[in-house]
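Enquirer: Heads up, the sequence shown is in this note's numbering, so the first residue is -10 and it goes up one at a time.
Using N, Cα and C, we set each Cβ at its ideal position, and we do this for glycine too.
Structure in C-alpha cells, see below.
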Amino acid sequence: MREPNYRFFAFAFVASSMGLQMLSTAIAWEMYERTGAALMLGLMGLARALPVIALTLAAGTLVDRGDRKKILSITQIGFGLVAVALACASFAVAPIWVYFALLIASGCVRSFNAPSRGALLPSLLTPERFENAIAWQSGFFQFAAVAGPLLAGAIIAATGHAWVVYTITACLCAGAGVAALFLKPRPVIRTSAPPRLVDMFRGAEHIFREKTVLGALTLDLLAVLFGGATALLPVYAKEILHCGPVGLGALRAAPFVGAFAMAIWLAARPTFGHAGRALLWSVAIFGLCMIVFGFSTSFWVSIAALAVSGAVDNISVVIRHVLVQTRTPDELRGRTTAVNSVFIECSNEIGALESGLVAEWLGPVASVASGGVGTLAVVGFVALAFPALRQMKRLQETKLDVRRAEVEEEEHRGLGTEG
C-alpha cells in the first residue's frame, strides 16, 4: 500500500467490487421476488457465463496487445452503463427478458475486465511485493463483498426498490473507471506480429503445460461447480430461514467476512510452506461447510457455516492467483488470466445453473448438501490425479523444483497405466 500505483488500483478495485456485489444481491432478490423460481436464479448464472466463455480468449489476446490500463477503465464504464440500464428496467418493471439481456451484456464486459485487471497488476509492483499484494487485494475484495450485500439488503428493505441499488452501482463503477486512468504501469513486452488464431490459445497451452496450475484450476472449477450455494441464497432467505432482504444481504456477506479475516492473516504471515496440502485441505473444509449449511434451519448456524467456507476458500483463491501470475511470462499474462477467468466463470455461473436445476428437481436442501459431498469427492480426485500439486511446497518454485514435480507426476501416471 506504500506505492501510489497500487493505491489507485486498490480504490478502483474496491469501488467496482462493492458496486457489483450490490448489483448481484439486488438482482437475485428482485428476480426471485418476481418469479418465485429457483431455476431462474440458475439461468441468471448461465446468462452471465456464456459471453465470458465465448469471448475470453479473444479478450485475453487483445489485452496482451493493447493498453491494459485503458481497457480496464473502459470495462468499468461499461459496468456502469449496464447498471444504469438495470435501474431503468427495474423502475419501469420491464419484462424479465430485459434483465437477461443486460446480464449477457454484463458478461461481455466481464470477459475483458478480468484479463485486463489480472494482467495489469504485476506491472504495478516489484516482484517481491506481488504475493503480499495478492493477499491485500483479496482482503479488499472481501471487504467490498461484505459491505456490498449488506448495503444492498438494507437499501431494498428501506426503500422497497432495487433500482436505487443499481444507481449506486453505476456511480461506483464510474469512479473506478476514472481511478484506473491514473495508474502508471511499467512497460511490458508486446508482440508486433499480426494476430493469428493460434495466438489466442497460447494461454491455454501454457496452463496445460504447468501441471500445478492446471491442477489448482481443475480443483477450483469442479469444487465450486458442485459446492457453490450462492445462487440459492434468495431461496434460503425467503423459504427456509425466513430472514428477508436484510438477512439475504447478511448471508451473501458471511463468506466474505470469513474470507476478509483470512486475508488479513495471510497478508501478515510468511508465504505458504506446504501450499499444495493447504489448498487441498481448504477445499475439503469448504465442502463440509456446504453440507452443514445445506441442512441448517438456523440463521446463525448458516451464517457461521458460510463464514468458515469463505475463510478456507480464500486460501484457495490466493494460492491459485499467485500460481497463475508467477508462473506465466508477462507477454502471456492477459491470455492466461483470460483462461483462468473461463475456469472461474464456469465454476461460479455454471455451478449456479446446476444448483438451480437440482433445486427445482429435488429442492434446495438436497441441492446444496449433495454439492458439498461432490466437493469432497473432487478433492480426492485432484489429489490423486495431480501429485505435483499435492506435493507442492513453495508457490514461487525454481525451475528445478518444477521439473522434479513434473517427473514425479509422469512416474505416477506411468505406474497407474501398467498392467
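1. Roughly how many angstroms lie between the CA atoms of Val357 and Leu35, to the nearest whole one?
2. Report yes or no: do three or more beta-carbon pairs, one from the segment 198 to 206 and one from the segment 20 to 39, lie closer than 8 Å?
3. Do the segment 262 to 278 and the segment 360 to 368 meet, that is, are 3 or more Cβ pairs less than 8 Å apart?
4. Are three or more beta carbon pairs between the segment 97 to 115 and the segment 225 to 238 nearer than 8 Å?
5. For the segment 64 to 139, list the alpha helix (DSSP H) runs that are entirely contained and at least 4 residues long, ordered along the chain.
6. Cutting at 8 Å between CB atoms, please list the residues of its own chain near Gly405, excluding the five before and the five after it.
7. Mind reading off the beta-carbon distance from Arg241 to Thr14? Whole number of angstroms is fine, and I expect it under 8 Å.
8. Using a 10 Å radius around the Cβ and a threshold of 16 neighbouring Cβ atoms, would you call Thr317 buried or exposed?
9. Would you call the segment 243 to 259 and the segment 328 to 348 touching, i.e. three or more CB-CB distances under 8 Å?
10. Specify whether the segment 88 to 98 and the segment 68 to 77 touch according to this definition: at least 3 beta carbon pairs, one from each stretch, less than 8 Å apart.
11. Rounded to whole angstroms, what is the Cα-Cα separation between Ala294 and Val246?
12. Give the DSSP-derived three-state secondary structure of Gly360 in the structure shown.
13. If you count every other CB in all the chains shown that lies within 10 Å of the CB of Phe215, and 16 or more means buried, which is it?
14. Taking Cβ positions only, does Cys160 come closer than 9 Å to chain C?
15. Per the contact definition of three or more C-beta pairs closer than 8 Å, is the segment 154 to 167 in contact with the segment -2 to 11?
16. Since Val154 contacts Met11 with CB under 8 Å, what's their CB separation in whole angstroms?
17. Once you ignore the five residues that flank Ser285 on each side, which residues in its own chain have a CB closer than 7 Å to its CB?
18. If Ala141 and Gly299 are in contact, beta carbons under 8 Å, what's the gap, nearest whole angstrom?
19. Suppose the cutoff is 7 Å on Cβ atoms and the five residues either side in sequence are ignored; what does the same chain contact list for Glu386 look like?
20. On the CB-based measure, 16 or more other CB atoms within 10 Å of its CB, does Phe370 come out buried or exposed?
21. One question on the structure: do Val328 and Gly49 come within less than 9 Å of each other, judged by their Cβ atoms?
22. If we count the other Cβ atoms within 10 Å of its Cβ and call it buried at 16 or more, is Gly8 buried or exposed?
23. So what's Lys382 in DSSP terms, helix, strand or just coil?
24. So, is Trp86 buried or exposed, given that buried needs 16 or more other C-beta atoms within 10 angstroms?
25. On a CA-only basis, which of Ala374, Ser271, Glu228 is nearest Val307? Give me that one, please.
26. Does DSSP put Ser291 in a helix, a strand or coil?
27. Nearest to Pro353 by alpha carbon, out of Ile333, Thr148, Ile280?
28. Using only the alpha-carbon positions, how far apart do Leu44 and Asn102 sit?
29. Got a sec, what are the start and stop residues for the alpha helix (DSSP H) Gly55 sits in?
30. In terms of residues, what are the limits of the alpha helix (DSSP H) holding Cys278?
31. May I ask you to report which of helix, strand or coil DSSP gives Phe171?
32. Could you work out which residue in Ala212, Ile157, Ser95 is closest to Ile42 when comparing CA atoms only?
33. Shortest alpha-carbon distance to Gly67 belongs to which of Leu113, Glu22, Leu161, Ala296?
34. Since Ala169 and Gln65 should fall inside the 8 Å C-beta cutoff, what is the C-beta to C-beta distance between them, to a whole number of angstroms?
Expert: Answer, in terms of the structure:
1. Those two C-alpha atoms are separated by around 18 Å.
2. No, the segment 198 to 206 does not touch the segment 20 to 39.
3. In short, these stretches touch, since the Cβ pair count reaches three.
4. Too few Cβ pairs lie closer than 8 Å, so no.
5. For the segment 64 to 139, whole alpha helix (DSSP H) runs of length 4 or above, ordered along the chain, are 85 to 109.
6. Unreliable placement is indicated for Gly405, whose pLDDT of 46 sits below 50; the coordinate value is still reported in the next sentence. Excluding residues within five positions, none has a Cβ falling inside 8 Å.
7. Yes, Arg241 and Thr14 are in contact; Cβ-Cβ is about 5 Å, under 8 Å.
8. Its Cβ being crowded by 16 or more others within 10 Å, Thr317 is buried.
9. With the cut-off at 8 Å, the segment 243 to 259 and the segment 328 to 348 do not touch.
10. Put simply, the segment 88 to 98 touches the segment 68 to 77. At least three CB pairs are less than 8 Å apart.
11. Spanning the two alpha carbons is a distance of roughly 11 Å.
12. Three-state DSSP puts Gly360 in a helix.
13. With 16 or more other Cβ atoms within 10 Å, it is buried.
14. The structure shown contains no chain C; it holds only a single protein chain.
15. With the rule of 3 Cβ pairs closer than 8 Å, the segment -2 to 11 counts as touching the segment 154 to 167.
16. That pair is a contact at about 5 Å.
17. Excluding sequence neighbours, Ser285 sits near Ser291, Ala294.
18. In fact, because the Cβ distance is near 17 Å, the residues do not count as touching under 8 Å.
19. Bear in mind that a pLDDT of 49 at Glu386, under 50, signals an unreliable position, so the number given afterwards is only what the model happens to contain. So no residue of the chain qualifies.
20. By the 16-neighbour rule on beta-carbons within 10 angstroms, Phe370 is exposed.
21. Yes; because the gap between Cβ atoms is below 9 Å, this pair is in contact.
22. That one is buried.
23. Coil at Lys382, not helix or strand.
24. A residue is called buried when at least 16 other Cβ atoms come within 10 angstroms of its Cβ; Trp86 does not meet this threshold and is exposed.
25. The closest CA to that of Val307, considering only Ala374, Ser271, Glu228, is found on Ser271.
26. Residue state for Ser291 is assigned as helix, using DSSP reduced to three classes.
27. Closest by alpha carbon: Ile280.
28. A straight-line Cα-Cα distance of about 11 Å links Leu44 and Asn102.
29. No alpha helix (DSSP H) holds Gly55; DSSP gives it neither H nor E.
30. Segment 264 to 284, the alpha helix (DSSP H) holding Cys278.
31. Correct three-state label for Phe171: coil.
32. Residue Ser95 is the option with its Cα nearest to Ile42.
33. Checked all of Leu113, Glu22, Leu161, Ala296; the closest Cα to Gly67 is Leu161.
34. Indeed they touch by this definition, with Cβ atoms about 6 Å apart.
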